[in-house]
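> First, the structure itself, so that you have it in front of you.
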Amino acid sequence: MIDYRGWRHTFKLDPDKTIGDAELEAICESGTDAIIVGGTYGVTYDNTLELMSRIRRYAVPTILEISSLEAVVPGFDSYFVPLVINAGDPDMIFAPHVSGLLAYGSYIHWDEIIAEGYLIANPEAGAAKRTQARPIADGATAKAYAQVATQICRLPIVYLEYSGQYGDPEVVSGCKAGVHEAHFFYGGGIRTPQQAAEMAAIADTIVVGNLVYEDLEAALATVAAVKGS
Ligand code: 1GP
Numbered sequence: 001m002i003d004y005r006g007w008r009h010t011f012k013l014d015p016d017k018t019i020g021d022a023e024l025e026a027i028c029e030s031g032t033d034a035i036i037v038g039g040t041y042g043v044t045y046d047n048t049l050e051l052m053s054r055i056r057r058y059a060v061p062t063i064l065e066i067s068s069l070e071a072v073v074p075g076f077d078s079y080f081v082p083l084v085i086n087a088g089d090p091d092m093i094f095a096p097h098v099s100g101l102l103a104y105g106s107y108i109h110w111d112e113i114i115a116e117g118y119l120i121a122n123p124e125a126g127a128a129k130r131t132q133a134r135p136i137a138d139g140a141t142a143k144a145y146a147q148v149a150t151q152i153c154r155l156p157i158v159y160l161e162y163s164g165q166y167g168d169p170e171v172v173s174g175c176k177a178g179v180h181e182a183h184f185f186y187g188g189g190i191r192t193p194q195q196a197a198e199m200a201a202i203a204d205t206i207v208v209g210n211l212v213y214e215d216l217e218a219a220l221a222t223v224a225a226v227k228g229s
């Protein structure tokens, strides 16, 4: 089982987006702790396999965050399986997982599977729309959702997803208060080293996504902000 508990910084790369070889090398050799491969729309077997193969030229741990049954590609170090705790559409909570087990159950190496209690806090995010995520309006609500993930469901990871929007520190801190012994990932809207450091002071691991495609130098600067140079 991959040991994510020491991770402070990760990049999330989207198979549906384009990244050049030099840029990918800079990301993989940046000193980040891991690369998470994932996205909400347009993720296919072929574009996931292609991105994994290119990342595999480097030593950095590589995780697939599964969002589409068609795009489950063997060869990653581990697989993060999101359970959207605040999904408003109950069919988004377990139905895809049951379909996946029916299709691929006999191929699964269970020691590579890690469940994430996923809390989607940006209502404009694609994943929020896809799952009809219920709002997380304040820190107390975030704490309660995190406790459902950790104290009731006993999930090892809580992932607070603000994809595309920088998080409300009160909500992020509330979530942290409910995380207990689980590992806390924060992702969303990190665009500066200061924001990376602010969220890394609350969360165990931060995730930097869109910035890779918008401003590579700024994305690389978030690594040192969190891990030191
Ligand atoms: C997305 O949490 C990640 O799943 C990162 O968010 O793309 O906004 O950095 P951004």
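Going by UniProt numbering, the letters in the sequence shown line up with residues 1 to 229, in that order. Glycine included, every Cβ here is placed at the ideal spot set by N, Cα and C. This one's a predicted model, so the numbers in the text were calculated from it and none came from an experiment.
(1) Please classify E170: is it buried, with 16 or more other beta-carbons within 10 angstroms of its beta-carbon, or exposed?
(2) Among all the DSSP beta bridges, which residues are the ones paired with L211?
(3) Assuming K227 and H9 make a contact with CB atoms under 8 Å, what is their CB distance in whole Å?
(4) Do T48 and A71 count as a contact pair if the criterion is CB distance below 8 Å?
(5) Secondary structure at K227, three-state DSSP: helix, strand or coil?
(6) Which class does G117 belong to by DSSP, given the choice of helix, strand or coil?
(7) In terms of residue numbering, what span does the alpha helix (DSSP H) encompassing H97 cover?
(8) For the ligand 1GP, which residues have a Cβ under 6 Å from at least one heavy atom, in chain order?
(9) Alpha carbon to alpha carbon, how far is A115 from A221?
(10) Which residue or residues does DSSP assign as beta-bridge partners of T205?
(11) Any idea if S78 is buried or exposed, counting beta-carbon neighbours within 10 angstroms, 16 or more meaning buried?
(12) Going by CA-CA distance only, name the one from T205, T192, A201, A197 that's closest to E161.
(13) Helix, strand or coil for I152, going by three-state DSSP, please let me know.
(14) For K17, does the three-state DSSP call read helix, strand or coil?
The short version:
(1) Counting from one through the sequence shown, the residue named residue 170 turns up at place 170. So E170 ends up on the exposed side.
(2) Here residue 211 is taken as the residue at index 211 of the sequence shown, counted from 1. DSSP, once it has assigned bridges, lists no residue as partnering L211.
(3) Along the sequence shown, read from residue 1 onward, the residue named residue 227 stands at position 227. Along the sequence shown, read from residue 1 onward, the residue named residue 9 stands at position 9. With 8 Å as the limit, K227 and H9 qualify as a contact, their Cβ atoms being about 6 Å apart.
(4) Residue numbering aside, residue 71 sits at position 71 when the sequence shown is read from its first letter. Residue numbering aside, residue 48 sits at position 48 when the sequence shown is read from its first letter. In contact: A71 and T48 (Cβ atoms closer than 8 Å).
(5) Residue numbering aside, residue 227 sits at position 227 when the sequence shown is read from its first letter. K227 falls in the helix class under three-state DSSP.
(6) By one-based count along the sequence shown, residue 117 stands at place 117. Strand, per DSSP.
(7) If you number the sequence shown from 1, residue 97 lands on position 97. Here the alpha helix (DSSP H) through H97 covers 95-104.
(8) K12, E161, S163, G164, G187, G188, G189, I190, V207, V208, G209, N210, L211
(9) Taking the sequence shown and counting its residues from 1, the one referred to as residue 115 is at position 115. Taking the sequence shown and counting its residues from 1, the one referred to as residue 221 is at position 221. Looking at the two C-alpha atoms, the distance is approximately 29 Å.
(10) Residue mapping note: residue 205 aligns to position 205 of the sequence shown, counting from 1. Its beta-bridge partners are F185.
(11) For the purposes of this step, residue 78 is taken as residue 78 along the sequence shown, with counting starting at 1. So S78 counts as buried.
(12) Looking up residue 161 in the sequence shown gives position 161. Checking every option, the nearest Cα to that of E161 belongs to T205.
(13) Here the question's residue 152 lines up with position 152 in the sequence shown. Of the three classes helix, strand and coil, the one that applies to I152 here is helix, per DSSP.
(14) In the sequence shown, counting from the first residue as 1, residue 17 sits at position 17. Coil, per DSSP.
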